[in-house]
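Numbering (my numbering), first residue to last: 41 to 442.
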C-alpha cells in the first residue's frame, strides 16, 4: 500500500466520523474531496448511473484509500451494518451503485458506526406518529413523489406535532418555484430552514441544504459585496453548500477582495476543507500582509494543525519581545524552507507592504542557499532592515554568525 495513503487515512476516517457520525464509502469520498457535492447530488438524482463516474483522481489509488479506510474503521471497533443508497427524485426507491465492478461495488456496501444505526425501539419509538414522521423525513431526503400524500396524511393525523411544522417548512423551501429577493431568501434559509434541517436530519442536513444554498448563490450572483453586510454574497452561500471551488472563484472576482478580513476567512475555510494546505499557508500569509489588524484574532481561533502552522504561530504569539504580525509570513518561509518558486500570483496584492518585503528577503536568501551560494549582500541587507528577523534567520540555519 502507498505510504502516503497509509499515513493520511486514519485522520480522514476520524474526520468522516466527526462530520457524519458513521463511516461509509460515500461519506469518506466527500470528506477526502475525491467526490464533490455536486457530483454526489447528480448521482442521487439519477443523472449519473455510477458514483465512480463522478470521482476525481486515479481510481486504483482511490480504491486503495477506501480499502485502507475500511480496515482502519473496522480496527476502531465500530459496529458494521449493511448500507445502500436510494435515488432521489422520480425513482426514489431505486438502489444506486457505487462502482461498475460487481465485486468492488459489494465490498463497500457497509456502514460502520460507534453504535447501532437504529436504536433499540420502545413503545414510544414505535408509536404511529413517530413512524409517520420518519417516513416524511425519508421522503424529503429522497425527493420522493410520495411527499405530498404523506404530508396530507400527517396534517390529518398529527397536525400538532412540532416536527411536522419544521418538515413542512423544509418542504416548502425545497419546492419554492423562484427567488424574488435573493438576500431575504438567503437569510430565511440560514435563520429558519437550516436550523430546522439540523434538528430533523442531523448529519444528513447537508443533503437538504446544499441545493438550496447553491440556488441562493446563483440568485445572488449579480449582488455586489458589501463590507457592512459581508454574508450577503454568493461566496458565503457557496461556502455553506460545500461548493469550495465556486466559493474561491466568487471571492476572487470581487474587486479589492484582499482588503476584507471576512473574505480572507472565507477563502481559508474553503482551502482548508479542500485539504489544500500549501495554498492555505499562502492564504494566511496574504491575510497577514493585507489585514494585519484582523488576522491575529483569526489565527488565534483557527485550527492550524493540518496546514502546519500551529507550532509556528504558537512560537510567534508567545515571543517575549512582541513583533509585528507582518513578520509572521517570513517565519513561515523559514519553517517550510520556501523560496521564490513558492510564490503565487495572489501575492501581487501585497507587494506594497513591509511584510512582503521581509518575506521576499528571506525567500531570496533561501533560494541562493539551495544553489550553494552565500549571498553576503542579501544577508547584510536583511540585517540592516530587521536585526530581529536576521537573528531568526540565523537561528533557523543553526548558525549564530555570518
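For glycine and all other residues, C-beta sits at the position ideal for the given N, C-alpha and C.
Handout entry: Continuous beta strand (DSSP E) stretch holding residue 119: start and end
Key = 119-122
Exercise for the section: Out of 263, 372, 142, state which residue places its alpha-carbon closest to the alpha-carbon of residue 350. Expected result: 372
Practice task
May I ask which residues mark the beginning and end of the alpha helix (DSSP H) holding residue 254?
Solution key: 245-259
Problem - Nearest residue (CA-CA) to residue 420, options 227, 433, 412 - result: It is 433.
Problem - Assigned exposure category for residue 428 - 16 Cβ within 10 Å defines buried - result: exposed
Exercise for the section: Consult DSSP for residue 135 and reduce its assignment to one of helix, strand or coil. Expected result: Correct three-state label for residue 135: strand.
Problem - Exposure of residue 260, with buried meaning 16 or more beta-carbon neighbours within 10 Å - result: buried
Exercise for the section: Rounded to whole angstroms, what's the CA-CA distance from residue 159 to residue 204? Just pull it up for me. Expected result: Reliability of the predicted coordinates at residue 159 is poor, the pLDDT of 47 falling under 50, and the value obtained from them is presented with this limitation in mind. Computed Cα separation, rounded: 22 Å.
Problem - Inter-residue spacing [alpha-carbon to alpha-carbon] between residue 207 and residue 363 - result: 53 Å
Problem - Nonlocal neighbours in the same chain, by C-beta distance under 7 Å from residue 393, ignoring five residues either side - result: 329, 366
Problem - Length at least 4, wholly inside the segment 348-412: the alpha helix (DSSP H) runs in chain order - result: 350-357, 368-376, 394-410
Exercise for the section: Note the first and the last residue of the continuous beta strand (DSSP E) segment covering residue 183. Expected result: Run containing residue 183: none; DSSP gives neither H nor E here.
Handout entry: Residue from 265, 240, 234, 281 with nearest C-alpha to residue 251
Key = 281
Practice task
Would you mind working out which of 147, 275, 345, 97 sits nearest residue 290, comparing C-alpha positions?
Solution key: 275
Practice task
Indicate whether residue 152 and residue 105 have their beta-carbon atoms separated by less than 9 Å.
Solution key: no
Handout entry: First through last residue of the beta strand (DSSP E) which encompasses residue 74
Key = No beta strand (DSSP E) contains residue 74, which DSSP labels as neither H nor E.
Practice task
Measure the CB-CB distance between residue 66 and residue 125 and report whether it falls below 9 Å.
Solution key: yes
Exercise for the section: Along the beta strand (DSSP E) that carries residue 153, what are the first and last residues, could you check? Expected result: 150-153
Practice task
State the start and end residues of the unbroken alpha helix (DSSP H) segment that holds residue 287.
Solution key: 284-292
Problem - Nearest-angstrom Cα separation, counted from residue 60 out to residue 300 - result: Taking the straight line from one Cα to the other gives about 32 Å.
Practice task
With residue 50 as the anchor, note down where its alpha helix (DSSP H) starts and where it stops.
Solution key: 43-60
Practice task
Using the DSSP secondary-structure output, state which residues sit across from residue 470 in a beta bridge.
Solution key: No answer is possible for residue 470: the residues shown for the chain start at 41 and end at 442.
Handout entry: residue 147 versus 64, 384, 334, residue with shortest Cα-Cα distance
Key = 64
Exercise for the section: With a threshold of 16 other CB atoms inside 10 Å of the CB of residue 77, please say whether the residue is buried or exposed. Expected result: buried
Practice task
Using 10 angstroms around the beta-carbon of residue 426, count the other beta-carbons present and answer buried if the total reaches 16, otherwise exposed.
Solution key: Counting C-beta atoms within 10 angstroms of its own C-beta, residue 426 has 16 or more neighbours from the protein chains shown and is therefore classed as buried.
Practice task
Return the chain-ordered list of same chain residues with a C-beta closer than 6 Å to the C-beta of residue 396, the five sequence neighbours on each side being excluded.
Solution key: For residue 396, where only same-chain residues beyond five positions count, the Cβ hits under 6 Å are 329, 390.
Problem - residue 211 beta carbon less than 9 Å from that of residue 191 - result: yes
Practice task
Report all residues from its chain with a CB closer than 6 Å to the CB of residue 422; omit the five preceding and five following residues, and keep chain order.
Solution key: 401, 430
Practice task
If I'm right that residue 222 touches residue 256 with Cβ under 8 Å, what's the distance once you round it to whole angstroms?
Solution key: 6 Å
Exercise for the section: Along the alpha helix (DSSP H) that carries residue 323, what are the first and last residues, could you check? Expected result: Judged by DSSP secondary structure, residue 323 falls within the alpha helix (DSSP H) whose first and last residues are 317-330.
Exercise for the section: Could you tell me whether the Cβ atoms of residue 128 and residue 86 are closer together than 9 Å? Expected result: Yes, these two residues count as a Cβ contact at 9 Å.
Handout entry: Per DSSP, the bridge partner or partners of residue 90
Key = 137
Handout entry: Minimum C-alpha distance to residue 69 - residue among 412, 238, 110
Key = 110
Exercise for the section: Grab the span of the alpha helix (DSSP H) containing residue 204 for me, first residue to last. Expected result: 202-214
Problem - Which of helix, strand or coil DSSP assigns to residue 164 - result: With a pLDDT of only 45 at residue 164, under 50, the local geometry of the prediction cannot be trusted, and the value read off the model is given with reservation. Of the three classes helix, strand and coil, the one that applies to residue 164 here is coil, per DSSP.
Handout entry: Terminal residues of the alpha helix (DSSP H) in which residue 223 lies
Key = 222-228
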